[in-house]
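Going by full-length UniProt numbering, the first residue of the sequence shown is number 1, and it counts up by one from there. All residues carry an ideal CB built from backbone N, CA and C; glycine is no exception. Here is the structure we will look at.
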Amino acid sequence: MESSQNATGRNGGNGMVSNQISAAAAGNPKQNLNQTINSVQKTLGLLHQLYLTVSSFNSASQLPLLQRLNSLVTELDNMVKLSEKCDIQVPLEVLNLIDEGKNPDEFTRDVINSCIAKNQVTKGRTDAFKSFRKHHMEELERTFPDEVESYREIRTCSAAEAKRLAQSQSMLQNGDVKFKTEL
């Protein structure tokens, strides 16, 4: 317990170090989020230490209590500053589930199930259109065989031209291919 008191009192809640790091990472949202999460975890640790100090309070533990309170205030201030750099949008439904004492993973499960259901409907429509197109082409081929053959040639040429155009747009002048990077 003595080592944790010294560590907490020595760096004053690590507010200065965290502020210096956050200034360097002002443009990186993922790093800002990680710093905020670390600050929340540190605050929880400080609250636990404060609880231990208060639960076994005596006159000799007044100075460590004040040091821990100061560290907590410093870390809470640091957490607020870090959180201002994070742009996180939490759905209201998740907050309502948490308020009701339920697991927020239920929201995720419901969203995934909803996406699966919509995907199945969309896949059914796509399959229906493919089937309709195939049937329609068969009927057209029976009725207008020459026109369907011309249509297929035109479609093949335009597809090849579209492919060449897409490849030329993704090629750099030195012959390398551009890649879209996802963050």
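Taking just the CA atoms, how far does residue 133 sit from residue 126?
Their backbone Cα atoms lie some 10 Å apart in a straight line.
When we look at the beta-carbon of residue 46 and count the other beta-carbons within 10 Å, is it buried (16 or more) or exposed?
If you draw a 10 Å sphere on the C-beta of residue 46, you find 16 or more other C-beta atoms in it, and that means buried.
What residue does the alpha helix (DSSP H) around residue 88 start on, and which one ends it?
Run containing residue 88: none; DSSP gives neither H nor E here.
Let's see if you can read the secondary structure: which residues bound the alpha helix (DSSP H) around residue 107?
For residue 107, the enclosing alpha helix (DSSP H) has its first and last residue at 105-143.
By how many angstroms is the C-alpha of residue 54 removed from the C-alpha of residue 107?
When rounded, the distance between both Cα atoms is 38 Å.
Report buried or exposed for residue 35, applying the criterion of at least 16 other Cβ atoms within 10 angstroms of its Cβ.
Of the residues assessed, residue 35 falls on the buried side of the cut-off, its CB having 16 or more other CB atoms within 10 angstroms.
Measure the alpha-carbon distance for residue 39 versus residue 65 and round it to whole angstroms.
Each residue's alpha carbon lies about 20 Å from the other.
Under DSSP, the alpha helix (DSSP H) around residue 93 begins and ends at which residues?
Its alpha helix (DSSP H) spans residues 92-99.
For the alpha helix (DSSP H) containing residue 38, list its first residue and its last residue.
Unbroken alpha helix (DSSP H) run through residue 38: 29-55.
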